[in-house]
Amino acid sequence: MTRSPAGKNALALLAVCLGALMFGLEITSVPVILPTLERALGGDFQDMQWVMNAYTLACTTVLMATGTLADRFGRKRVFVISVTAFGATSALCGFAPSMEVLIVGRFLQGLAGGAMLICSIALLSHAFQDARDRSRAFAVWGIVSGVGLGFGPLVGSAIIALAGWKWIFLVHLPLAVLTLAIAVRTVAESRDPAARHLDVAGIATLSLSVFGLVYVITRGPALGLPGAAAVAVATLACFAAFLFAEQRQPHPMFDFTVFRNRAFSGAILGCIAMNVSYWPFMIYLPIYLQIGLGYDPLSTGLCLLAYTLPALIFPPLGERMSLRYGAGVVIPLGLSTIGLGFVAMKLGSAAAQPGWPTMLPGLLLAGIGLGLTNTPVTNTTTASVSASRAGMASGIDMSARLITLAINIAVMGALLVARIAAALQQAATESIDAGQLRALAESLAAGHAAPNGEGVAGMGGLPDIVVRHSLADGFGAVMLYGGIGAWILAGLSFMLFRTAPALRARQEAAADCGAG
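In structure tokens, the structure reads:
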């Protein structure tokens, strides 16, 4: 039986949404199991950061290449390949016998996940070109993404309790098979005839730049000043090479001319702001709830629902507000709400008796802000360019998200460890070696009482109340960092959106004068 175009588009939307569901589950279910992974595979604080950063760095590495490849060879073809690869690499992660294999598996899974996500956005933009239809499609996509993001922590906690950590990854196998079965029959192929060359130089130099920056933030103290300086210089050289390469590419993967569009630039600042605050904190929030507040994994998952569930509920409202008031109002409003939520969490963590009642307002506000912001940002970036360049635009969108996510996972981790170490040093009744102090701070930040199984009293005689105060101080600094960062970027985004109509009016007036 032949399906109508509307019916095929609906099924294609389902396939794309299943891809977003898998991607969302992988982002929010893994942080909940990090303490379990440390015990099962014998990892440390840096290993936990790399379990997450291997995924985000790999996504960043493949995003722009995927956008170009999808535009050139076909978005459906690349989507099908990436879904297949995501299922296979999820199996590799599930059966990983060591932390090293898991990190490699996460990197490969990130390559597949990034490709799958970028094709999803490009396929939606091509299939739904009417403004209202596109808005509805992205709203549905946002809801399904919200299911993965919102219920990921609870799913992770339930899987640990019922089946073990391996099934956090293995659950993607049946989802990948279902996605492929639908996509092969219903997704229409599309490509950009102008996309002829893959920007290898741009991909390589940008990826090395991001990797070097994350590495120096994460491993800088262990490298020492000469080693950290050498990595920093090499990182700057790679970034300069990236800028040089992109200026000379006839078909660059990162087309800087799109930033002349103020609406596009304002939306990209929204991408960055969400990943300066909300998403990197997802990695550390479960640790605070379990170690700082003493909750078990299931209680932690339930608390995290307040943080993630609004991502399921509020995208339709964000899209309706965007259609009525414009993205230039909704995106800065959503970012400001995220910032308010982080400041409220900071105040809640500093309460005399901190717990879920004191943290709940901040968790909800941050989640509401993300729900309002996420889909208008994506819709604005892809709608700001021609349909033939949807792959490139969505690549820049997701690159901005994942580059800043990878960097801020490292920045938040470094800030957390530094503040915990400073608070421990201030409270210590005897001198503690700097190396020992950092080791204890890293261990606490990772969710352990002390490294090598020692008790807290075994390092400087620090009582439990001091440790909890140090944790609260460290996490409070991270919350404040996220809140202030979201507010600053909300203001910059608002300014860009406000200048966009005025700039467009001046350009049209100049064109009219020239014609006259």
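So the sequence shown is numbered by the working numbering: it starts at 85 and just counts up by one. Here a beta-carbon is modelled for each residue, glycine too, at the ideal position from N, C-alpha and C.
Taking Gly385 as the reference, which of Gly451, Ala395, Leu369 and Ile452 has the closest Cα? Leu369
What separation, rounded to the nearest whole angstrom, lies between the Cα atoms of Gly542 and Arg485? Below a pLDDT of 50, predicted positions are generally treated as unreliable, and Gly542, at 43, falls in that range; the measurement from the model is reported next regardless. Going from the Cα of Gly542 to the Cα of Arg485 covers about 41 Å.
Tell me whether Arg332 is buried or exposed, calling it buried when 16 or more other Cβ atoms sit within 10 Å of its Cβ. exposed
Residue from Leu195, Leu508 and Val562 whose Cα sits closest to the Cα of Ala498: Val562
With 16 other CB atoms within 10 Å as the buried threshold, where does Arg190 fall? buried
Boundaries (first-last residue) of the alpha helix (DSSP H) holding Glu184: Met183 to Ala211
Inter-residue Cα distance where the pair is Pro400 and Thr488: 26 Å
Between Gly418 and the rest of its own chain, which residues show a CB-CB distance below 6 Å, the 5 nearest in sequence each way excluded? Gly453, Leu456 and Thr457
Cutoff 7 Å; reference Ala223; Cβ partners in own chain excluding five residues on either side: Pro399, Pro400, Glu403 and Thr459
Would Gly127 and Met183 qualify as a contact pair, given that the criterion is a beta-carbon distance under 8 Å? yes
Quick one: any contact between the region 263-272 and the region 289-298, if contact means 3 or more CB pairs under 8 Å? no
What's the C-alpha gap between Ala395 and Lys250? 26 Å
Here's the rule I'm using: 16 or more other beta-carbon atoms within 10 Å means buried, otherwise exposed. How should Pro115 be labelled? buried
Using three-state DSSP, classify Arg218 as helix, strand or coil. helix
Taking only the alpha-carbon atoms, compute the straight-line gap between Leu109 and Met136 and give it to the nearest angstrom. 13 Å
Just the C-alpha distance for Ala593 and Thr583, rounded to the nearest angstrom, thanks. For Ala593, the predicted structure reports a pLDDT of 42, less than 50, and the residue's modelled location is therefore unreliable. A value from the coordinates is still provided. Their Cα atoms are separated by approximately 15 Å.
Would Ala96 be called buried (16 or more neighbouring beta carbons within 10 Å of its own) or exposed? buried
Looking at the unbroken alpha helix (DSSP H) that takes in Thr466, where does it start and where does it end? Trp440 to Ala467
Looking at the unbroken alpha helix (DSSP H) that takes in Thr263, where does it start and where does it end? His256 to Thr270
Using CA coordinates, which residue listed in Ile415, Ile572 and Ser483 is at the minimum distance from Leu141? Ser483
Which value, in whole angstroms, describes the spacing of the CA atoms of Cys143 and Ala325? 21 Å
Is the distance from the Cβ of Ser166 to the Cβ of Ala138 below 8 Å? no
Indicate the three-state DSSP secondary structure (helix, strand or coil) for Asp283 in the structure shown. coil
Could you tell me which of Val551, Gly198, Gly311 and Pro237 sits nearest to Leu393, measuring between CA atoms? Pro237
Contact check, Leu118 vs Arg346, beta carbons under 8 Å: no
Secondary structure at Asn345, three-state DSSP: helix, strand or coil? coil
Ignore the nearest five residues each way along the sequence and tell me which others in Leu448's own chain have a CB closer than 6 Å to its CB. Ala390
I think Phe559 touches Leu500, with their Cβ atoms under 8 Å apart; what is that distance to the nearest whole Å? 7 Å
How would you label Thr261, buried or exposed, when you count the other beta carbons within 10 angstroms and need 16 or more for buried? Note that residue 261 is Val in the sequence shown here, rather than Thr. Flag for Val261 reads exposed.
Looking at Met106 and Leu259, is the spacing between their C-beta atoms short of 8 Å? yes
Using three-state DSSP, classify Glu606 as helix, strand or coil. For the chain, the structure presents residues 85 to 600; residue 606 sits outside this window and is missing.
Cβ-Cβ separation, Gly103 to Thr263 (assumed contact under 8 Å), whole Å: 6 Å
In its own chain, which residues sit with a C-beta less than 7 Å from the C-beta of Leu292, not counting the 5 before and 5 after it? Cys322
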